[in-house]
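For reference, the structure is listed below as structure tokens.
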DNA sequence: ATACACGCCTGCTGGC
DNA sequence: TGCCAGCAGGCGTGTA
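Numbering (the numbering used here), first residue to last: 1 to 325.
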């Protein structure tokens, strides 16, 4: 499932192909891939065709591609192509490839650079594939970030164009999403303060993209195991030190998953070249029910929480004493 | 304000 | 063998 590490792998893979590229043609194969777009498919295609992409940016599980203003709006309303992979979304790079079974949108772009032999680069296709259609794309207007810091991770461009106009702007529909733990502008103390105001279980807070973004069910379970915390520990009763420790484990887990190219269980999650990641081999508890805890050997269990499954070690992560609510 | 159930969707699995 | 319920899960929305 695409969570922060998987989305970052995709963003990084797209970056060299789309930075400075011009959109040649847009083909919306399935309108359901535009649930985040405020308008019909024709509007989406019209607003994207002919535009130049400035960069590939990510915050949490959202990606966006700032569009260079074409001058018609005087630059007053900067726009971006927004993409969320949902449960099963993929963005594949290729040229003249056979349509994937669940192809939803095809975007032809003309790369902005030149090949090594000096000739102009040949057009490339961005194929948005999504089996379960929880993901979608949109053209959205951008608004300034409230803290004035760069809106998200933009890879190499972070150092190359630190003051580009789009750096401190964020798509409207992403503006309510909190920064992710790998963002240099992430405010640890703010996270701790927000968390300690919540009465719900700590896992619910970890999954709340308005508090901290990028974490899904897999990395929530892995981080809680690493921090030795039960998923239903009331967030407002956790000591500050525990929350800072949890945050450190979250960063460690996300960082290691990123190094491994993300987590793939099947063909659901792949990078822009269709390849799987390897972090699934290092999962301690997620999907490991019935197997020994890597730390103490106790059998890992799977339990229902928040209408989804949670995995934990009964010894390392004991249930809270007091019954909540 | 926060909490939480629900719908969206397809493919796979397990039980009968 | 075939059928169908159950499950997977992020996010936006609606309700209390």
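No residue lacks a Cβ here, since even glycine has one placed at the ideal position from N, Cα and C.
Exercise. Considering only residues of the same chain and omitting the five flanking positions on each side of residue 255, which have a CB-CB separation below 6 Å?
Worked result: Locating residue 255 in the first chain gives position 255, where the first residue counts as 1. Within the same chain, residue 255 has no close Cβ partners at all.
For this session: Would you check if the distance between the CB atom of residue 9 and the CB atom of residue 262 is smaller than 7 Å?
Result: Taking the first chain and counting its residues from 1, the one referred to as residue 9 is at position 9. Taking the first chain and counting its residues from 1, the one referred to as residue 262 is at position 262. Yes; because the gap between Cβ atoms is below 7 Å, this pair is in contact.
Exercise. Tell me the DSSP bridge mates of residue 52?
Worked result: Position 52 of the first chain, counted from the first residue, corresponds to residue 52. Answer is 22 and 68.
For this session: Write down the C-beta distance between residue 65 and residue 177 rounded to the nearest angstrom, noting that I regard them as a contact closer than 8 Å.
Result: Translated into positions along the first chain, residue 65 becomes position 65. Translated into positions along the first chain, residue 177 becomes position 177. Contact doesn't hold; Cβ gap of about 16 Å is too wide.
For this session: Counting only runs of 4+ residues fully inside the segment 150–204, write out the alpha helix (DSSP H) ranges in chain order.
Result: 157–160 and 188–195
For this session: Tell me residue 27's beta-bridge partners as DSSP assigns them.
Result: Here residue 27 refers to the residue found at position 27 when the first chain is read from its first residue. Residue 27 is bridged to 106.
Exercise. How about the segment 224–237 and the segment 197–207: do they share at least three Cβ pairs that are nearer than 8 Å?
Worked result: yes
For this session: Would you mind reading off the limits of the beta strand (DSSP E) that contains residue 81?
Result: Along the first chain, read from residue 1 onward, the residue named residue 81 stands at position 81. Per DSSP, residue 81 belongs to the beta strand (DSSP E) from 79–84.
Problem set entry | Burial state of residue 324 (16 or more Cβ within 10 Å) | Mapped onto the first chain, residue 324 falls at position 324. Confidence is the limiting factor: at residue 324 the pLDDT is only 41, short of 50, which leaves the residue's position unreliable, though a coordinate-based value still follows. With fewer than 16 Cβ atoms within 10 Å of its Cβ, residue 324 is classed as exposed.
For this session: Decide if residue 253 is buried, meaning its Cβ has at least 16 other Cβ atoms within 10 Å, or exposed.
Result: Taking the first residue of the first chain as position 1, residue 253 is located at position 253. By the neighbour-count rule (16 or more Cβ atoms within 10 Å), residue 253 is buried.
For this session: Return the residue from the list 152, 34 and 30 that minimises the CA-CA distance to residue 169.
Result: In the first chain, residue 169 corresponds to position 169, counting from 1. Of 152, 34 and 30, the residue nearest in Cα terms is 152.
Exercise. Candidates 285, 191, 182 and 317: which alpha carbon is nearest residue 7's?
Worked result: For the purposes of this step, residue 7 is taken as the residue at position 7 of the first chain. That would be 182, whose Cα lies nearest to the Cα of residue 7.
Exercise. To which residues of the same chain is residue 102 closer than 7 Å at the C-beta, ignoring the five residues directly before and after it?
Worked result: Stepping through the first chain from its first residue, residue 102 is reached at position 102. Around residue 102: 129, 130 and 131.
Exercise. First and last residue of the alpha helix (DSSP H) that includes residue 221?
Worked result: Against the first chain, residue 221 aligns to sequence position 221. 217–226 is the span of the alpha helix (DSSP H), which, as asked, contains residue 221.
Problem set entry | Cβ distance (whole Å) where residue 157 is taken to contact residue 55 below 8 Å | Numbered from 1 along the first chain, position 157 holds the residue referred to as residue 157. Numbered from 1 along the first chain, position 55 holds the residue referred to as residue 55. The pair is a contact, with the Cβ atoms about 5 Å apart (cut-off 8 Å).
Exercise. By how many angstroms is the C-alpha of residue 163 removed from the C-alpha of residue 154?
Worked result: Position 154 of the first chain holds residue 154. Position 163 of the first chain holds residue 163. If you take the alpha carbons of residue 154 and residue 163, they lie about 12 Å apart.
Problem set entry | Between the CA atoms of residue 59 and residue 225 - distance to the nearest angstrom | As a working note, residue 225 is residue 225 in the first chain. As a working note, residue 59 is residue 59 in the first chain. Approximately 24 Å, taken between the alpha carbons.
Problem set entry | Backbone secondary structure at residue 324 - three-state DSSP | One-based indexing of the first chain puts residue 324 at position 324. In this predicted model, residue 324 has a pLDDT of only 41, less than 50, meaning its place in the structure is not dependable; the value taken from the coordinates is given anyway. Three-state result, residue 324: coil.
Problem set entry | Burial state of residue 13 (16 or more Cβ within 10 Å) | By one-based count along the first chain, residue 13 stands at place 13. The residue in question, residue 13, is buried, as its Cβ has 16 or more Cβ neighbours within 10 Å.
Exercise. How big is the Cα-Cα spacing for residue 110 and residue 87?
Worked result: Translated into the one-based positions of the first chain, residue 110 becomes position 110. Translated into the one-based positions of the first chain, residue 87 becomes position 87. Spanning the two alpha carbons is a distance of roughly 29 Å.
Problem set entry | Sequence-distant residues of the same chain with beta carbon closer than 8 Å to residue 97, five excluded per side | The residue you call residue 97 lines up with position 97 of the first chain. 125 and 127.
Exercise. For residue 121, which residues of its own chain have a beta-carbon under 7 Å away from its beta-carbon, when the five flanking residues on both sides are left out?
Worked result: Residue numbering aside, residue 121 sits at position 121 when the first chain is read from its first letter. These residues qualify, in order along the chain: 111, 113, 114 and 115.
For this session: Please name the residue or residues paired with residue 141 in a DSSP beta bridge.
Result: As a first step, residue 141 is located in the first chain; it is residue number 141 there, counting from the start. Paired residue(s): 79.
Exercise. Name the DSSP bridge partner or partners of residue 91?
Worked result: The residue labelled residue 91 in the question sits at position 91 within the first chain. According to DSSP, which records beta bridges pairwise, residue 91 is partnered with 128.
For this session: Count the other C-beta atoms from every protein chain shown that fall within 10 angstroms of the C-beta of residue 223, then say buried if there are 16 or more, exposed otherwise.
Result: Here residue 223 is taken as the residue at index 223 of the first chain, counted from 1. Buried is the call here.
Exercise. With a CB to CB cut of under 8 Å and the five nearest residues on each side skipped, what residues in its chain are close to residue 123?
Worked result: As a working mapping, residue 123 is identified with position 123 in the first chain. 24, 95, 108, 109, 110 and 111, listed in sequence order.
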